[in-house]
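Chains as they are written, first to last, in my numbering: chain A, 1 to 284; chain B, 1 to 284. First comes the structure, then the notes that go with it.
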């Protein structure tokens, strides 16, 4: 708890934190302005006919697409925060001489790593849920639309960022601070690209692309969590509105299934165990 | 009744290799309770590696190290020691008092505010209690580092170049602090390049070169006679083969011969000469 308290204090007092807050406020302001201006061009009461007996609810299509965009932005901002808080925790801090005075204390390396991890997860999860909630309120305030699921996507986004925290902490044991920061951003990008490939694979009915996306989702489960969160916001939406959504950039997400949660727990536990083993053997 | 004396620190056959580079090549070293030992050697001799193994920061390739009877790196060993690294850094946003409070919690010290006040007083930083680390000079940070190492009343202190950034006054403060620690029975392993400082405060010196102990003992034991120097009215005369016990006879003979004697000095090799001889001129 002492280490976690230290790490939370460090997270908040680091110069990067105000920068993230300013970026977040800017994003939310721009998002709100964008949704407001775009929504003016949408007839909110319109249910557009696209053929005989086929209709698309424009308000749902518009709101879910833009809220899907905000979910992507929330994940991106949460990832930026997670990386900045964790990319230098072991090797970076050791190279700067910040780590040694802490490691020689009786608390031990395991508690140190757990405390740093817990603090980063807490800060990032609170941040992600708060920004998600604000984006949701902005969307609802302007369009009057609520997603089909509200709490579960927020928790999945928080879990996705927690996975990134653990991957970044693991990377910080073996890589220098800058190398790790770059590597985690690339991993994050790779996950998103794999997700897009999966959506394209669904649209083209390509087994190869779908397989690539599936493997990537298992290797980088934050992507599966993000996709599942996206899917849940229109989980009960049906008909041509759902079809129209699935054609958009944030609508083709696939549900992850029941195994995702236990798999993520096992993934994090395995990565933490290997990371701790490596940290315990690391010369500082 | 015989009570086994527990040495503060013991290294036996301690070795460390980094690939093909031998940092320590089998070092035997003991620091007794309350003893102040100076660890000398050129850059790359293995001094910092030895201290880091003792603190549990580096894993030895061979040999054993014990701190207060416990294996180096164990929780019991870490609880018994204080450490100031050669290259260290503290979070800039902490005040001196907050930093010591953090280390009190990490060390499990119940000393509270009185301990912090005493330590800051001891290193001459009582007035800087509320000053942030980032607003301190390097010398002040080094003294704060020493105070940090003393949190929790450690039995053994490892100081790696603790005066490298200090001005002459700061060095004197540290020297007085080391003498105070000796009075309190705290053992100190002082790693320093400042031979004059080591000579002034240490009970014993250990000289490392290329990872092995090349000389060890009390300075007066290591010193060799260099003759007797006498100031007379006809100038300074050096009796190279003479020893301390020869001085009265030399003076008597000179006076009998009609010389005026103004001063007599018994010459011995200085620590610097002992050091240079031991390391055979190696610089790094």
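Virtual Cβ for every residue (Gly too), placed ideally from N, Cα, C.
8 Å CB neighbourhood of residue 11 of chain A in its chain, flanking five on each side removed: Taking the first chain and counting its residues from 1, one reaches residue 11 of chain A at position 11. For residue 11 of chain A, where only same-chain residues beyond five positions count, the Cβ hits under 8 Å are 17, 85, 119, 120, 123.
Among B:252, B:50, B:278, B:188, the one whose alpha carbon lies nearest that of residue 22 of chain B: On the second chain, residue 22 of chain B is found 22 positions in, with the first residue counted as 1. When only C-alpha atoms are compared, the closest one is B:50.
Against chain B: residues of the region 83-114 of chain A by CB proximity under 8 Å: 96, 97, 98, 100, 101, 102, 103, 104, 105, 106, 107, 108
Straight-line gap, residue 280 of chain A to residue 17 of chain B (C-alpha atoms, nearest Å): Numbered from its first residue, the first chain carries residue 280 of chain A at position 280. Numbered from its first residue, the second chain carries residue 17 of chain B at position 17. Whole-angstrom Cα-Cα distance: 18 Å.
Euclidean distance between Cα positions of residue 32 of chain B and residue 137 of chain B: As a first step, residue 32 of chain B is located in the second chain; it is residue number 32 there, counting from the start. As a first step, residue 137 of chain B is located in the second chain; it is residue number 137 there, counting from the start. Each residue's Cα considered, the two are about 34 Å apart.
Interface partners of residue 156 of chain A on chain B, CB under 9 Å: Counting from 1 along the first chain, the entry for residue 156 of chain A is found at position 156. Within 9 Å Cβ-Cβ: nothing; residue 156 of chain A doesn't reach chain B, min ~33 Å.
Exposure of residue 208 of chain A, with buried meaning 16 or more beta-carbon neighbours within 10 Å: Mapped onto the first chain, residue 208 of chain A falls at position 208. It is exposed - the Cβ of residue 208 of chain A has fewer than 16 other Cβ atoms within 10 Å.
N- and C-terminal bounds of the alpha helix (DSSP H) containing residue 104 of chain B: The count along the second chain starts at 1 and reaches residue 104 of chain B at position 104. Run containing residue 104 of chain B: 96-107, per the alpha helix (DSSP H) assignment.
Buried versus exposed, by CB contacts within 10 Å (16 or more), residue 23 of chain A: Here residue 23 of chain A refers to the residue found at position 23 of the first chain. The residue in question, residue 23 of chain A, is exposed, as its Cβ has fewer than 16 Cβ neighbours within 10 Å.
Residue 129 of chain A at chain B interface by Cβ criterion, 8 Å: Here residue 129 of chain A is taken as the residue at index 129 of the first chain, counted from 1. No, no contact with chain B.
Runs of beta strand (DSSP E) lying entirely within the region 149-230 of chain B, each at least 3 residues, in chain order: 156-160, 187-191, 204-209, 212-217
Straight-line Cα distance separating residue 191 of chain A from residue 130 of chain A: As a first step, residue 130 of chain A must be located in the first chain, where it is residue number 130. As a first step, residue 191 of chain A must be located in the first chain, where it is residue number 191. Going by the C-alpha atoms only, they are around 24 Å apart.
Bounding residues of the beta strand (DSSP E) (the contiguous stretch that carries residue 253 of chain B): Locating residue 253 of chain B in the second chain gives position 253, where the first residue counts as 1. Careful: residue 253 of chain B lies outside any beta strand (DSSP E), inside the alpha helix (DSSP H) at 247-256.
Whether residue 151 of chain B touches residue 190 of chain B by CB criterion (8 Å): Along the second chain, one-based indexing puts residue 151 of chain B at 151. Along the second chain, one-based indexing puts residue 190 of chain B at 190. The answer is no: Cβ separation not under 8 Å.
Contact under 8 Å by Cβ, residue 218 of chain B with residue 231 of chain B: In the second chain, the residue the question calls residue 218 of chain B occupies position 218. In the second chain, the residue the question calls residue 231 of chain B occupies position 231. Contact flag unset, no.
Reduced DSSP secondary structure (H/G/I, E/B, other) of residue 69 of chain A: As a first step, residue 69 of chain A is located in the first chain; it is residue number 69 there, counting from the start. Residue state, collapsed to three classes: helix.
Span separating the alpha-carbon of residue 145 of chain A from that of residue 61 of chain A: For the purposes of this step, residue 145 of chain A is taken as residue 145 along the first chain, with counting starting at 1. For the purposes of this step, residue 61 of chain A is taken as residue 61 along the first chain, with counting starting at 1. Distance between the alpha carbons of residue 145 of chain A and residue 61 of chain A: 10 Å.
Cβ-Cβ distance between residue 128 of chain A and residue 165 of chain A below 8 Å: What you label residue 128 of chain A is simply residue 128 of the first chain in a count that begins at 1. What you label residue 165 of chain A is simply residue 165 of the first chain in a count that begins at 1. In this structure, residue 165 of chain A does not lie closer than 8 Å to residue 128 of chain A by Cβ.
Cα-Cα separation, residue 139 of chain B to residue 170 of chain B: Position 139 of the second chain, counting from 1, holds the residue named residue 139 of chain B. Position 170 of the second chain, counting from 1, holds the residue named residue 170 of chain B. The straight-line gap from Cα to Cα measures roughly 7 Å.
Closest Cα partner of residue 201 of chain A within the set A:133, A:254, A:139, A:75: The residue given as residue 201 of chain A occupies position 201 in the first chain. Of A:133, A:254, A:139, A:75, the residue nearest in Cα terms is A:254.
Inter-residue Cα distance where the pair is residue 135 of chain B and residue 104 of chain A: Locating residue 135 of chain B in the second chain gives position 135, counting from the first residue. Locating residue 104 of chain A in the first chain gives position 104, counting from the first residue. Distance between the alpha carbons of residue 135 of chain B and residue 104 of chain A: 25 Å.
Exposed unless 16 or more other CB atoms sit within 10 angstroms - verdict on residue 1 of chain B: Looking up residue 1 of chain B in the second chain gives position 1. Per-residue confidence for residue 1 of chain B stands at a pLDDT of 43, beneath the threshold of 50, marking its modelled position as unreliable; the derived number appears in the next sentence. Counting Cβ neighbours within 10 Å, residue 1 of chain B comes out exposed, since fewer than 16 surround it.
For residue 116 of chain A, the first and last residue of its enclosing alpha helix (DSSP H): What you label residue 116 of chain A is simply residue 116 of the first chain in a count that begins at 1. 108-143 is the extent of the alpha helix (DSSP H) around residue 116 of chain A.
Residue span of the alpha helix (DSSP H) that contains residue 238 of chain B, given as start and end: As a position in the second chain, residue 238 of chain B is number 238, starting the count at 1. It is not in any alpha helix (DSSP H) - residue 238 of chain B instead sits in the beta strand (DSSP E) that spans 235-239.
Limits of the unbroken alpha helix (DSSP H) element including residue 281 of chain A: Along the first chain, read from residue 1 onward, the residue named residue 281 of chain A stands at position 281. Start and end: 260-281.
Cβ of residue 83 of chain B within 8 Å of any chain A Cβ: Start at 1 with the first residue of the second chain, and residue 83 of chain B comes out as number 83. Yes, contact with chain A.
Beta-carbon proximity list for residue 117 of chain B, same chain, < 8 Å, skipping 5 on both sides: The count along the second chain starts at 1 and reaches residue 117 of chain B at position 117. Same-chain partners within the cutoff: 126, 129.
As assigned by DSSP and simplified to three states, the class of residue 147 of chain A: For this step, residue 147 of chain A is matched to residue 147 along the first chain. Of the three classes helix, strand and coil, the one that applies to residue 147 of chain A here is coil, per DSSP.
Cutoff 7 Å; reference residue 145 of chain B; Cβ partners in own chain excluding five residues on either side: In the second chain, the residue the question calls residue 145 of chain B occupies position 145. Here the set comprises 84, 88.
Residue of A:152, A:19, A:36, A:278 minimising C-alpha distance to residue 234 of chain A: By one-based count along the first chain, residue 234 of chain A stands at place 234. That would be A:152, whose Cα lies nearest to the Cα of residue 234 of chain A.
Enclosing beta strand (DSSP E) for residue 27 of chain B [first to last residue]: As a working note, residue 27 of chain B is residue 27 in the second chain. Unbroken beta strand (DSSP E) run through residue 27 of chain B: 21-31.
Residues of its chain near residue 97 of chain B, where Cβ-Cβ distance is below 7 Å and the 5 sequence neighbours each way are ignored: Counted from its first residue, the second chain places residue 97 of chain B at position 97. For residue 97 of chain B, where only same-chain residues beyond five positions count, the Cβ hits under 7 Å are 116, 129, 130.
Boundaries (first-last residue) of the alpha helix (DSSP H) holding residue 113 of chain B: Here residue 113 of chain B refers to the residue found at position 113 when the second chain is read from its first residue. 112-122 is the span of the alpha helix (DSSP H), which, as asked, contains residue 113 of chain B.
Exposure of residue 52 of chain B, with buried meaning 16 or more beta-carbon neighbours within 10 Å: In the second chain, residue 52 of chain B corresponds to position 52, counting from 1. Classification of residue 52 of chain B: buried, given that the 10 Å Cβ count is 16 or more.
Span of the beta strand (DSSP E), counted from its first residue to its last, around residue 13 of chain B: Position 13 of the second chain, counted from the start, is the residue given in the question as residue 13 of chain B. Counting along the chain, the beta strand (DSSP E) containing residue 13 of chain B begins and ends at 9-18.
Residue 262 of chain A versus residue 15 of chain B: straight-line alpha-carbon distance, rounded: For the purposes of this step, residue 262 of chain A is taken as the residue at position 262 of the first chain. For the purposes of this step, residue 15 of chain B is taken as the residue at position 15 of the second chain. So the two alpha carbons sit approximately 45 Å from each other.
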